[in-house]
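Undergrad: Structure below; questions to follow.
There are 2 protein chains.
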Amino acid sequence: MNANTQLIATAVQAWRLTIDRISKTLASFTDDELQLEVAPGKNRVYCLVGHLAATHDRLFPLLRLGERLHPELDSQFLENPDRKFLGHDVTPAELRTIWSEVNQKLVEAFASLEPHEWLQRHGSVSEEDFAKEPLRNRLAVLISRLSHAAYHEGQMRLVGGSLPSRS
Amino acid sequence: MNANTQLIATAVQAWRLTIDRISKTLASFTDDELQLEVAPGKNRVYCLVGHLAATHDRLFPLLRLGERLHPELDSQFLENPDRKFLGHDVTPAELRTIWSEVNQKLVEAFASLEPHEWLQRHGSVSEEDFAKEPLRNRLAVLISRLSHAAYHEGQMRLVGGSLPSRS
């Protein structure tokens, strides 16, 4: 394995570990527990999982890896605050399935990229801007979204006591 | 800039962004607000900042970048639960200074590493184990600690309302 390959393998492995940890957290909650707020007056766990699923679904176009699987998530989980969405709520069972599907397909899509392709621009930066700011690349998006997922994981883990807290 | 250099620059930039965001969060809290719990019965913000400062201070030996600056933090922030430490508490003012100092010195130390050195083993894996698991390298530690910092940042940001929540 050359250095580039190994650097990307390390970053993708870190992504997998984060997703696996959140998947375990999600599996540890009953459907009822998903309705708990992470702190008084704050988002429900259910809402945070939906928010992450929608954000990760958006990675397909953002990383230029193809079409989204679930654009219908945005209205409930990205464009409206928790409990203000007036449409049909995704059920907890549906959300669990979507979470697995989106993240599974994402890591498959990651595997299709060669190491140097991670240094190419992400889908929200123009070629002109990218020429000036070459760090606005796919890898930057991957690490940023990993950090974002961990941010909300820390909030989810305030609820329930069946898993040891991350130290 | 060659590909390796650019991959590492991207990861280190992501680290900086995470630390800068947490530093802004810390600056947004008064000393009194640092004493607030992130959720009922959970850690105080003060404790989480100390926990992160101690964890980042440990990165010096873990990344084989030199001696720690503040080993005295461990007893209060890593080895005892919040409010169970019987020694002298670090004051909020001291904690703010330590946070800045540790993170400033860390990014300076990161700059001393060549890209290929990020693929070398971290300080807690033996050469023998590393030969079998080459992804247990310095870069893996960097991304893991970035994720860990974001995890606790998400908890801190449940307190107070002066900064917009991360979407």
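Protein chains in written order, with our numbering: chain A, 1 to 167; chain B, 1001 to 1167. Where is the CB? At the ideal position from N, CA and C, for every residue including glycine. These figures come from a predicted structure and were not determined experimentally.
Just checking: is the beta-carbon of A:Ala53 within a distance shorter than 8 Å of some beta-carbon in chain B?
TA: Not closer than 8 Å to any Cβ of chain B, the Cβ of A:Ala53 fails to qualify, so no.
Undergrad: Beta-carbon within less than 8 Å of B:Ala1140's beta-carbon, same chain only, minus the 5 sequence neighbours each way: which residues are those?
TA: So the qualifying residues of the chain are His1122.
Undergrad: Under the three-state reduction of DSSP, which class applies to A:Asn137: helix, strand or coil?
TA: The answer is strand: DSSP assigns A:Asn137 an E or B state.
Undergrad: For B:Ala1009 and chain A, any beta-carbon pair shorter than 8 Å?
TA: Chain A, which has a Cβ nearer than 8 Å to the Cβ of B:Ala1009, makes this yes.
Undergrad: Run through chain B and tell me which residues come within less than 8 Å of A:Thr18, C-beta to C-beta.
TA: The answer, in chain order, is Ser1147.
Undergrad: With a threshold of 16 other CB atoms inside 10 Å of the CB of B:Thr1018, please say whether the residue is buried or exposed.
TA: When all chains shown are included, B:Thr1018 counts as buried.
Undergrad: Mark B:Ala1010 as exposed unless 16 or more other C-beta atoms lie within 10 angstroms of its C-beta, in which case mark it buried.
TA: The question names Ala, but residue 1010 of chain B is Thr in the sequence shown. By the neighbour-count rule (16 or more Cβ atoms within 10 Å), B:Thr1010 is buried.
Undergrad: Between the region 1103-1112 of chain B and the region 1034-1049 of chain B, can you find at least three pairs of beta-carbon atoms closer than 8 Å?
TA: Not touching, per the Cβ criterion.
Undergrad: Could you work out which residues of chain B lie near A:His152, taking near to mean beta carbons separated by less than 8 Å?
TA: Here the neighbours are Gly1154.
Undergrad: Under a CB-based cut-off of 8 Å, is A:Ala140 close to chain B?
TA: Cβ-Cβ to chain B under 8 Å: yes for A:Ala140.
Undergrad: Taking the DSSP output, what are the residues bridged to B:Arg1058?
TA: Partner(s): none; B:Arg1058 has no beta bridge.
Undergrad: Please list, in chain order, all residues of the same chain as B:Ser1124 whose beta carbon is under 7 Å from its beta carbon, the five residues on each side excluded.
TA: Correct list, in chain order: Leu1062.
Undergrad: Apart from the five residues on each side of it in sequence, which residues of its chain come closer than 7 Å, Cβ to Cβ, to A:Gln104?
TA: Hits under 7 Å: none found.
Undergrad: Please report the distance separating the alpha-carbon of B:Ile1008 from that of B:Trp1118.
TA: Roughly 8 Å separates the two Cα atoms.
Undergrad: Could you please tell me which residues of the region 1116-1137 of chain B, in chain order, have their CB closer than 8 Å to any CB of chain A?
TA: Residues His1116, Trp1118, Leu1119, Pro1134, Leu1135, Asn1137.
Undergrad: Taking just the CA atoms, how far does A:His70 sit from A:Ser28?
TA: Rounded to whole angstroms, A:Ser28 to A:His70 spans 24 Å at the Cα level.
Undergrad: Answer with buried or exposed for B:Pro1081, where buried requires no fewer than 16 other C-beta atoms within 10 angstroms of its C-beta.
TA: Burial call: exposed.
Undergrad: Is it buried or exposed, A:Tyr151, if we count other Cβ atoms within 10 angstroms and call 16 or more buried?
TA: Buried, by the Cβ-count rule.
Undergrad: Kindly identify the DSSP beta-bridge partner or partners of A:Glu37.
TA: Paired residues: A:Arg44.
Undergrad: According to DSSP, is A:Arg121 helix, strand or coil?
TA: In this structure, A:Arg121 counts as strand in the three-state DSSP scheme.
Undergrad: Step through the CB atoms of chain B and report whether any lies within less than 8 Å of the CB of A:Ile143.
TA: Chain B, which has a Cβ nearer than 8 Å to the Cβ of A:Ile143, makes this yes.
Undergrad: Look up B:Pro1115 in the DSSP assignment and say whether it is helix, strand or coil.
TA: Of the three classes helix, strand and coil, the one that applies to B:Pro1115 here is helix, per DSSP.
Undergrad: Between A:Ala111 and chain B, is there a C-beta pair that is closer than 8 Å?
TA: Answer no: the Cβ-Cβ gap between A:Ala111 and chain B never drops below 8 Å.
Undergrad: Can you tell me which of A:Asn2, A:Val102, A:Arg157 puts its alpha carbon nearest to the alpha carbon of A:Leu65?
TA: Checking every option, the nearest Cα to that of A:Leu65 belongs to A:Val102.
Undergrad: Between A:His148 and B:Phe1085, what straight-line distance do the alpha-carbon atoms span, to the nearest angstrom?
TA: Each residue's alpha carbon lies about 31 Å from the other.
Undergrad: To the nearest angstrom, report how far apart A:Pro115 and A:Thr5 are at their CA atoms.
TA: Rounded to whole angstroms, A:Pro115 to A:Thr5 spans 6 Å at the Cα level.
Undergrad: Does DSSP put B:His1070 in a helix, in a strand, or in coil?
TA: Coil, per DSSP.
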